[in-house]
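Q:
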Amino acid sequence: MSLHTSNTLAAAYLAVFSSLTLASLDAAGNERHERGMAVIEHLSGGAGQPVLEALREDYPFLAEGITGYALGDVWGRSELDDRTRQLAAVAAFAAQGNLPYMKIHAGYALRLGVTREELKEVVYLTTVTAGFPRAIDAAQALREVPDPASR
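Using numbering that gives the first Met the number 0, the letters of the sequence shown map in sequence onto residues 0 to 150.
1. Would residue 82 and residue 112 be called neighbours here (beta carbons separated by less than 8 angstroms)?
2. Which term fits residue 142, buried or exposed, when burial requires 16 or more other beta carbons within 10 angstroms of its beta carbon?
3. May I ask you to report which of helix, strand or coil DSSP gives residue 146?
4. Just how far apart, CA to CA, sit residue 117 and residue 106?
5. By alpha-carbon positions, which one of 93, 74, 45 ends up nearest to residue 84?
6. Do residue 62 and residue 54 have their CB atoms nearer than 8 angstroms?
7. Taking all protein chains shown into account, decide if residue 39 is buried (16 or more other Cβ within 10 angstroms of its Cβ) or exposed.
8. Tell me whether residue 119 is buried or exposed, calling it buried when 16 or more other Cβ atoms sit within 10 Å of its Cβ.
9. In whole angstroms, what separates the C-alpha of residue 64 from that of residue 124?
10. Rounded to whole angstroms, how far is the Cβ of residue 98 from the Cβ of residue 137, which I believe are closer than 8 angstroms?
11. Quick check: what's the CA-CA separation for residue 133 versus residue 88?
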């Protein structure tokens, strides 16, 4: 086989496999996006997520990373039930001192059937994992989370 023939065959293989790979990646990206959108609809009870929508306007790549990866790939997994996943998220955000996100996920947790008493237990646990100042901040933030029934 000549060098020219070999290069032509290599180019043909690359063209075929590149298009298949790009098409596969595009289809996988759409599937991840759809899963992520379904997760946010489920968590919010159809109310959407204003923080995510604001990001979508100014930072579409970041918003798509959140939708496809965080929501579609991670949050969309079935190994944990919704209540457990929300309790874990509230605990993590409380321990980090990330109160805006803790409040968002506490609201989702309440909507999904977690009780205020259970959320308070997560705050109590935060004293051990992150200290009293973070737990106090989380307790104050939790007071600001409205009950889903009052919306």
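Every residue gets a Cβ at the ideal spot worked out from N, C-alpha and C, and that includes glycine. All figures in this text were calculated on a predicted structure; none of them were measured in a lab.
A: From the atom records:
1. Taking 8 angstroms as the Cβ cut-off, residue 82 and residue 112 qualify as a contacting pair.
2. It counts as exposed.
3. coil
4. In a straight line, the C-alpha of residue 117 is about 13 angstroms away from that of residue 106.
5. 74
6. Yes, the pair counts as a contact, with Cβ atoms nearer than the cut-off.
7. buried
8. exposed
9. Residue 64 and residue 124: Cα-Cα distance of roughly 31 angstroms.
10. 7 angstroms
11. 15 angstroms
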